[in-house]
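Chemist: Protein sequence lines correspond, in order, to chains A and B. Residues 40 to 365 in my numbering are what the first sequence lists, from first letter to last. Residues 265 to 607 in my numbering are what the second sequence lists, from first letter to last.
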Amino acid sequence: MADKPLLQLEDLVLHFKTTKGKVQAVDKVNFSLMPNEAVVVVGESGCGKSSLAKAILRLLPKNIETYSGKVFLEGQDIMLLNDEEYRKNVRWSKMSMVPQAAMNSLNPVLRIGDQVTEPYIIHTGASKADALKQAKKMFGYVGVPEDFLNRYAFELSGGMRQRAAIAMALITLPGLIILDEPTSALDVLTQANIFNVLKKLKRELEISFILITHDIATSSELADKVAVMYAGQIVEVSDATSFFTKALHPYSRKLMDSVPRLRGDKEPDFIIGQPPSLLNLPTGCRFRDRCPSRFGLCDQDPPVFQLGDRLVKCWLYKDSKEAVHA
Amino acid sequence: MPEMMNSAVVQNDRDATKNGVLLSIKDLRVWFELKRMGFGHAGDVHAVDGVSFDLHNGEAIAVVGESGCGKSSLMKTILGLYRPTKGTILFDGEDISMMKTAQLKNYRSHVGYIQQDPYGAMAPFMSIEQILEEPMLINGIKDKAQRQKRLRRMLEEVKVFPVDDFLPKFPHMLSGGQQQRIVIARSMLLEPKFIVADEPVSMLDASVRVEILKLLRGLQEERHLAVIYITHDLSTVRYFSRRIFVMYAGQLVEKAKVQDLLNNPCHPYTNALLAATSDPDGNNAKVIKELPPGEPPNLINPPTGCRFHPRCPRIINGLCEKEIPPEFEPEPEHKVACWLYKP
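(1) So, is the C-beta of B/E330 closer than 7 Å to a C-beta in chain A?
(2) Spatial neighbours of A/H54 within its chain, please: CB distance less than 6 Å, with the 5 preceding and 5 following residues excluded, ordered by chain position.
(3) Measure the alpha-carbon distance for A/I273 versus A/F234 and round it to whole angstroms.
(4) On the DSSP letters alone, give me the boundaries of the alpha helix (DSSP H) that A/E123 sits inside.
(5) Can you pull the chain A residues whose beta carbon is under 7 Å from the beta carbon of B/S542, in chain order?
(6) A/T211 versus chain B: which residues are under 8 Å apart at the beta carbon?
(7) Would you please state the rounded distance, in angstroms, between the beta carbons of A/A92 and A/K241? I believe it to be under 8 Å.
(8) For A/E275 and A/V129, what's the separation of their Cα atoms in angstroms?
(9) What beta strand (DSSP E) runs, 3 residues minimum, are completely inside the region 321 to 375 of chain B?
(10) Using alpha carbons as the reference points, say which of A/K56, A/S281, A/L51 and A/P307 lies closest to A/P100.
(11) Can you tell me whether B/P432 is buried or exposed, with buried defined as 16 or more other CB within 10 angstroms of its CB?
(12) Could you check which residue in B/V309, B/H531 and B/N527 has the C-alpha nearest to that of B/E518?
(13) Pick helix, strand or coil for B/L438, following the three-state DSSP scheme.
(14) With DSSP collapsed to three states, give me the class of A/N102.
(15) Identify the continuous alpha helix (DSSP H) that holds B/R411 and give its terminal residues.
(16) Can you round the beta-carbon distance between B/L396 and B/L453 to whole angstroms, since I take them to be within the 8 Å contact cut?
(17) Under three-state DSSP, which class holds A/M40?
(18) Residues in the same chain with beta-carbon distance under 8 Å from B/S361, minus the five sequence neighbours each way, listed in chain order, please.
(19) B/V474 CB to nearest chain A CB: under 7 Å?
(20) Who are the neighbours of B/S439 on chain A, taking C-beta pairs under 8 Å?
(21) Looking at chain A, which residues of the region 428 to 454 of chain B have a Cβ within less than 7 Å of any of its Cβ atoms?
(22) If you measure between the beta carbons of A/C86 and A/Y356, is that distance less than 7 Å?
(23) Taking 7 Å as the CB-CB cut-off, is A/S291 touching chain B?
(24) Which parts of the region 234 to 292 of chain A are runs of the beta strand (DSSP E), unbroken and 3 residues or longer, counting only runs that do not cross its ends?
(25) Which same chain residues, not among the five before or five after B/I448, have their C-beta less than 8 Å away from its C-beta?
(26) Between the C-alpha atoms of A/V155 and A/N146, what's the straight-line distance to the nearest angstrom?
(27) Chain B partners of A/E83, CB-CB under 9 Å?
(28) Is the region 314 to 329 of chain B close to the region 283 to 298 of chain B, with three or more CB pairs under 8 Å?
(29) Of all Cβ atoms in chain A, is any one closer than 7 Å to the Cβ of B/H496?
(30) Using CA coordinates, which residue listed in B/G441, B/S471, B/S336 and B/F572 is at the minimum distance from A/L294?
(31) On the premise that A/G197 lies in contact with A/L225, defined as a C-beta separation below 8 Å, what is that separation, rounded to the nearest angstrom?
(32) Could you pull out every residue in the same chain whose Cβ sits closer than 7 Å to the Cβ of A/Y290, ignoring the five residues on either side in sequence?
(33) Which of the three DSSP states is assigned to B/G284 in this structure?
(34) Determine the closest residue to A/S258 out of B/G322, B/Y493 and B/A549, with distance taken between C-alpha atoms.
(35) Can you tell me whether B/Q442 is buried or exposed? The criterion is at least 16 other CB atoms within 10 Å of its CB, across all chains shown.
(36) Is A/D226 close to chain B, meaning its C-beta is less than 7 Å from at least one C-beta of that chain?
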């Protein structure tokens with residue numbers, strides 16, 4: 040594995056303007072992704088994880104209040120590019136996305152082949168015939184029969200449509216694919232099959248992934264690293280093995296406890312209360328009100344502490360080692 | 265909490281043997297006719313094809329299967345929304361497939377239904393109070409004070425506090441978990457004998473799922489309800505039900521107690537489902553899972569013989585593709601429709 044990160048976020052901020060006030064969807068997010076690595080971003084709905092994906096890919100709605108920070112892709116700060124340069128050189132050529140419910144966002148009146156080849160034609164200027172050849176190759180990787188290129192979306196099952204959407208994100212061979220809840224609407228067997236496809240892509244094409252999900256159990260199928268998001272902030276970043284054995288942040292632990300397990304006798308628990316509204320965030324630690332281990336210091340915003348390779352934003356670790364970010 | 269769960273399982277065990285059969289389904293078939301050009305017979309969709317089981321008073325069972333396997337058609341037929349093509353559904357000894365409309369209405373008031381998508385299940389223009397009064401109005405509870413008393417008590421049971429704050433609210437003002445609590449409250453207002461819960465937690469956040477399942481289990485025990493829990497998620501089943509049925513292509517391929525099914529899964533399809541279900545583990549990402557190829561069959565022309573044979577890794581050539589497997593019983597109370605278990 041190369042030692043230079045493929046993607047590095049520094050204090051990425053995305054705030055929306057609404058009639059009710061400022062929505063702090065992404066609030067000073069820092070993390071990095073190595074080449075050929077898969078990071079899973081987990082959190083409850085409304086914690087800002089989809090907004091994080093949009094902020095990285097600059098797929099923004101109009102009501103932006105603040106959009107700042109640094110995003111280094113292969114060492115270059117892509118936040119400095121203007122929209123046209125970004126579209127030409129970054130989006131889809133270096134990183135692409137499989138949006139949430141991608142299988143339902145295919146155009147119903149276009150053939151699958153026309154949609155899947157479109158980004159390739161636009162970004163490489165290839166002819167339609169070459170693009171179809173490329174699409175067939177991608178369909179081979181994701182396990183969709185080639186003749187499906189001539190079909191319409193409604194003729195395909197949910198699993199096949201999801202694979203077609205992955206093929207579409209893959210067609211320009213970007214180094215990084217962002218997946219937003221790629222399997223949440225699919226059946227268990229289909230889910231497992233899609234994860235097999237993603238694992239294969241990671242091994243054979245050395246693609247990196249950011250997987251955004253609330254489903255911890257299935258996310259473990261792909262994860263090298265886990266980033267836990269709560270109320271717009273990343274509260275823990277750990278390698279997958281340590282995370283699944285022993286999570287650090289009290290929120291991460293609660294999340295792990297809430298996963299129903301098929302094997303083993305652990306009774307699942309739930310997290311009392313609801314996450315705070317991103318419109319009106321509490322000062323200090325944002326998890327404070329639901330935290331079983333809260334104490335006096337939690338009124339103040341906790342810094343990020345480093346424990347070996349792991350990062351955690353919680354006062355419990357104040358004596359472990361020094362803080363890396365203030 | 266673990267004690268509560270163990271006692272729940274024991275309780276269910278005792279109940280099921282002591283109590284009589286509430287719902288008895290025999291060789292149920294639900295076919296939907298396909299028309300060519302609007303008329304003329306063009307075939308049937310065999311959504312439910314030969315399903316039999318008994319549900320006892322106060323018993324919770326789970327039906328597990330993938331989308332398109334017919335579990336929703338089965339459920340809607342049990343609710344009296346579809347008429348069965350063949351077979352009988354006996355509820356307290358009466359065949360609901362023979363019932364007239366007025367009788368059916370009375371039957372439905374004994375059956376609760378918890379929908380999958382709580383937001384879609386509530387009229388967006390009605391307040392929570394109106395939503396909860398509706399089933400009582402339709403079923404002739406004319407006394408306003410009595411209606412109020414019932415719905416307040418029910419809301420407290422599903423732990424929606426403070427009740428007065430919630431009554432004037434509209435569904436969109438509630439969180440997903442709260443919406444599902446209202447739907448659960450509504451399903452139980454008429455004090456039904458059994459409830460059909462169709463994927464009650466699949467639309468909810470992972471952190472809320474367990475909370476809602478626990479609430480549902482608590483209510484089931486307290487009110488001695490029979491519950492049919494329909495899901496595709498095997499990992500939640502064992503926290504909820506005593507028996508589990510695995511459905512594939514319109515048929516129940518395996519019926520067992522939950523623990524027996526998890527410890528000793530028999531049908532190759534059940535094995536595939538279990539293999540596909542992940543528990544959080546750092547090693548998962550390192551292995552590619554062995555899964556059956558292909559997709560569930562089209563139910564217009566289901567495969568001959570065993571319906572799983574085109575995908576089955578353990579197919580017995582010459583038998584599985586020709587003969588429909590009957591139910592074998594490899595261990596007591598554990599039935600499986602698969603030729604591998606022919607004694």
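Glycine is no exception: its CB is placed at the ideal position from the N, C-alpha and C atoms.
Modeler: Judging by the given coordinates:
(1) Yes, because at least one Cβ of chain A sits closer than 7 Å to the Cβ of B/E330.
(2) Excluding residues within five positions, the ones whose Cβ falls inside 6 Å are K61, Q63, E104 and T105.
(3) Cα to Cα, A/I273 sits roughly 24 Å from A/F234.
(4) From DSSP, the alpha helix (DSSP H) with A/E123 extends over D122 to N128.
(5) Taking a Cβ-Cβ cut-off of 7 Å, the neighbours of B/S542 in chain A comprise A256, T257, S259 and E260, given in sequence order.
(6) Residues of chain B whose Cβ lies closer than 8 Å to the Cβ of A/T211 do not exist; the shortest such Cβ separation is about 25 Å.
(7) With 8 Å as the limit, A/A92 and A/K241 do not qualify as a contact, their Cβ atoms being about 18 Å apart.
(8) Within the model, the alpha-carbon separation for A/E275 versus A/V129 is close to 28 Å.
(9) DSSP runs (the beta strand (DSSP E)) wholly in the region 321 to 375 of chain B: 324 to 328 and 350 to 355.
(10) It is A/K56 whose Cα lies nearest to the Cα of A/P100.
(11) B/P432 should be labelled exposed.
(12) It is B/H531.
(13) In the structure shown, B/L438 sits in coil (DSSP, three-state: anything other than H, G, I, E or B).
(14) In the three-state reduction of the DSSP assignment, A/N102 falls in the coil class.
(15) It spans K408 to E421 - the alpha helix (DSSP H) in which B/R411 sits, taken as one unbroken run.
(16) Contact flag correct, Cβ pair sits at about 6 Å.
(17) Note that A/M40 has pLDDT 45, beneath the 50 cutoff, so the model's placement of it is unreliable and the number below is only indicative. In the structure shown, A/M40 sits in coil (DSSP, three-state: anything other than H, G, I, E or B).
(18) Excluding positions up to five away in sequence, the list reads R347, P348, G351, T352 and I353.
(19) Yes, its Cβ sits closer than 7 Å to a Cβ of chain A.
(20) Result: Q313.
(21) If the cut-off is 7 Å between Cβ atoms, the region 428 to 454 of chain B has S439 near chain A.
(22) It is not a contact, given that the beta carbons lie outside the stated cut-off.
(23) By this cut-off, A/S291 is not an interface position.
(24) Look at the region 234 to 292 of chain A and you find these whole runs of beta strand (DSSP E), each 3 residues long or longer: 247 to 252, 264 to 269 and 272 to 278.
(25) Only I378, V422, P464, I476, L479, L480 and L483 meet the Cβ criterion.
(26) Our two residues, A/V155 and A/N146, have alpha carbons roughly 11 Å apart in a direct line.
(27) Within 9 Å Cβ-Cβ: D469, A470, S471 and V472.
(28) Segments in contact, yes.
(29) So, interface residue.
(30) That would be B/S471, whose Cα lies nearest to the Cα of A/L294.
(31) That pair is a contact at about 6 Å.
(32) For A/Y290, same chain residues with a beta-carbon under 7 Å away, outside a window of 5 residues either side, are V267, Y269, V274 and F326 in chain order.
(33) Reduced to three states, the DSSP call for B/G284 is coil.
(34) Of B/G322, B/Y493 and B/A549, the residue nearest in Cα terms is B/A549.
(35) A buried status is given to B/Q442, since no fewer than 16 other beta-carbon atoms sit within 10 Å of its beta-carbon.
(36) By this cut-off, A/D226 is an interface position.
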